[in-house]
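*Asks:* Under my numbering, think of the first position of the sequence shown as 138, with each following residue one higher.
Next up is a structure, given as structure tokens.
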Amino acid sequence: MSADGTRQRLLAQLGVRPVINAHNDLTGLGGSLPQGPVLEAMFVANESFLEVDSLSDAAGVAIAEMLGIEAALVTPGAAAATVLATAACMTDGRKDLVARLPDTRGLRNEFVVQAGRRTFYDRCLEGAGGRIVPAGDEISTSEADIEEAIGERTAGIFFYAPDAPNVVPFDRVLAIAKRHHLAVIVDAAEQVYPLDNLSRYVRAGADFATYSGKFFGAGSTAGLLTGTAAGITGARRNSYLAFEGPDAQAFGRHMKVGRGEILAAYAALRSWLEMDHDRRFRQYRRLLDNMRTRLEGFSFLSFSYEDGSVTADPKPPDSLRVRFDRSRSPKTLEEVVRELHDGEPCIILRPHYRWVDPDRNYLDIRVSTLRAGQEKIIAGRLAEILGG
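Right, here's the structure in full:
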């Protein structure tokens with residue numbers, strides 16, 4: 138049986154349909170589709186047993202050299218990287234404290250977070266026993282607010298990248314932290330392009346920066362923790378790597394990384410750094426143009442090209458925004474996204490069919506997660522649903 142036939146048979150046994158993902162690198166949709174060199178790396182890793190601690194250390198050294206930073210650690214996603222960074226901040230390399238986590242009573246276990254940049258992801262600060270201390274309010278945060286939030290039990294400041302309006306920018310957060318001798322952890326999960334973003338925060342002086350592997354072509358269960366040599370050593374002491382050995386009290390046993398994910402993260406990052414990104418964006422533009430051309434005949438639709446990523450750096454678009462004139466459209470936005478999902482093939486774009494704001498009048502079709510030709514399928518299904 139062919140590979141396609143085997144895939145279809147396995148999915149059919151479970152009653153699961155393949156999805157054309159035009160939403161984004163959503164974990165709930167699998168995160169990413171690893172390609173050639175990454176799949177090969179995963180295959181190589183699974184051909185034999187390996188000493189995983191040696192593999193992890195070697196990959197960390199190679200990744201740090203590629204990025205021009207002191208140290209790196211492959212983790213099971215960016216969230217786990219944040220947990221390990223906080224664990225390192227609270228234990229300060231001490232074996233007795235490593236054995237205590239997540240019991241942090243009496244330790245410096247507080248992490249200051251700007252209230253206007255709170256996200257679901259900062260809950261990871263609590264995973265190893267940390268405590269979140271908001272600074273400012275949801276409208277704005279000032280440097281004085283951060284200073285006021287710092288106390289005798291503060292271990293670090295958590296910064297959600299990139300910079301944003303009405304909050305304290307990274308360089309000022311870093312200055313405050315250094316003045317108080319506090320660690321800085323940067324959630325840079327999606328900040329993988331321009332390529333300098335993969336090293337800029339640590340090079341500037343942050344103790345840690347976390348990245349999600351799915352955004353540079355690794356699997357959804359791979360991530361990177363980058364940082365200072367001392368910081369990464371501290372994170373490693375709290376990780377699964379320190380569990381099977383003389384210091385078997387490490388908190389992070391549940392955050393294991395398989396040998397396939399380690400090699401895949403290394404191979405994916407190397408491919409990402411060597412990739413012709415101008416060519417990548419030209420390909421995106423062709424897919425966007427193909428969809429727009431197919432849908433331009435609908436007078437109640439209008440179009441624009443957008444950058445769908447969460448980065449501050451301007452870059453070429455990767456999304457087609459389709460606006461609906463609701464007074465003339467034969468279908469509501471909710472009906473359209475639901476029919477795209479329920480039809481064949483299953484198509485998920487933004488807004489997700491489960492979370493449609495009734496006041497929204499546009500949908501976004503992101504092409505960075507599409508295979509060639511899928512843009513035509515999406516445009517064709519949209520045209521069919523809208524009566525064209």
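Quick reminder that beta carbons are idealized off the backbone N, C-alpha and C, glycines included.
Would you mind stating whether M412 and V220 have Cβ atoms separated by less than 8 Å?
*Replies:* no
*Asks:* For the putative contact between T365 and D344, defined by C-beta atoms under 8 Å, what is the C-beta separation to the nearest angstrom?
*Replies:* 6 Å
*Asks:* According to DSSP, P271 sits in a beta bridge with which residue or residues?
*Replies:* V250
*Asks:* Could you tell me which residues DSSP puts in a beta bridge with I322?
*Replies:* F295 and F345
*Asks:* Taking the alpha carbon of Y297 as the reference point, which residue from E188, E285, P271 and I287 has its own alpha carbon closest?
*Replies:* P271
*Asks:* Which two residues bound the contiguous beta strand (DSSP E) that contains Y442?
*Replies:* Membership of Y442 in the beta strand (DSSP E) is indicated by the continuous run L438 to E443.
*Asks:* Considering only C-alpha positions, which residue in the set Y442, V304 and V459 is nearest to K452?
*Replies:* Y442
*Asks:* Which residue spans inside the stretch 395-425 form an unbroken alpha helix (DSSP H) run of at least 4?
*Replies:* Correct list: 396-411.
*Asks:* In the DSSP assignment, find the beta strand (DSSP E) that holds D501 and state where it starts and stops.
*Replies:* Y499 to R503
*Asks:* How about the stretch 213-231 and the stretch 371-379: do they share at least three Cβ pairs that are nearer than 8 Å?
*Replies:* yes
*Asks:* Whose CA, out of V394, R429, D240 and G293, lies closest to the CA of I514?
*Replies:* R429
*Asks:* Taking the Cβ atom as the reference point for each residue, do V211 and A359 lie within a distance shorter than 8 Å?
*Replies:* yes
*Asks:* Have a look at R460 and A178 and give me their C-alpha separation to the nearest angstrom.
*Replies:* C-alpha separation (whole angstroms): 42 Å.
*Asks:* Can you tell me which of T469, D455 and E327 puts its alpha carbon nearest to the alpha carbon of E512?
*Replies:* D455
*Asks:* What residues in its chain sit with their C-beta under 8 Å from that of R497, if we drop five residues either side in the sequence?
*Replies:* L470 and P488
*Asks:* Can you grab the Cα-Cα spacing for the pair I485 / H318, in whole Å?
*Replies:* 46 Å
*Asks:* Taking 8 Å as the cut-off, decide whether the C-beta atoms of G273 and S279 are in contact.
*Replies:* yes
*Asks:* Does the separation of the CB atoms of R431 and A516 fall below 8 Å?
*Replies:* The answer is yes: Cβ separation under 8 Å.
*Asks:* Looking only at C-alpha atoms, which of K232, V181, L410 and Y499 sits nearest to L204?
*Replies:* L410
*Asks:* Around the Cβ of G382, are there at least 16 other Cβ atoms within 10 angstroms (buried) or fewer (exposed)?
*Replies:* exposed
*Asks:* List in chain order: all unbroken alpha helix (DSSP H) runs of 4+ residues lying wholly within the stretch 154-217.
*Replies:* 173-182 and 189-204
*Asks:* What is the DSSP secondary structure of R465, reduced to helix, strand or coil?
*Replies:* coil
*Asks:* Put I276 into one of helix, strand or coil per three-state DSSP.
*Replies:* coil
*Asks:* DSSP three-state label for T241, please.
*Replies:* coil
*Asks:* Report back the beta-carbon spacing between Y348 and A320 to the nearest angstrom; my notes put them in contact at under 8 Å.
*Replies:* Their Cβ separation, rounded to whole angstroms, is 18 Å, which puts Y348 and A320 out of contact at 8 Å.
*Asks:* Going by C-alpha to C-alpha distance, which of C483, L151, G524 and G173 sits closest to L166?
*Replies:* C483
*Asks:* Whole angstroms are fine: how far does the CA of G350 sit from the CA of V474?
*Replies:* 28 Å
*Asks:* So for G364, helix, strand or coil by DSSP?
*Replies:* DSSP places G364 in strand when its eight states are reduced to three.
*Asks:* Would you report the Cα separation of T363 and R340, rounded to the nearest angstrom?
*Replies:* The C-alpha of T363 lies about 10 Å from the C-alpha of R340.
*Asks:* Identify whether R460 lies in helix, strand or coil by the three-state DSSP scheme.
*Replies:* Note: R460 maps to strand in three-state DSSP.
*Asks:* Alpha carbons only, please: which of Q251, G354 and G264 is nearest the one belonging to V304?
*Replies:* Q251
*Asks:* Can you have a look at N183 and say buried or exposed, based on whether 16 or more other CB atoms are within 10 angstroms of its CB?
*Replies:* exposed
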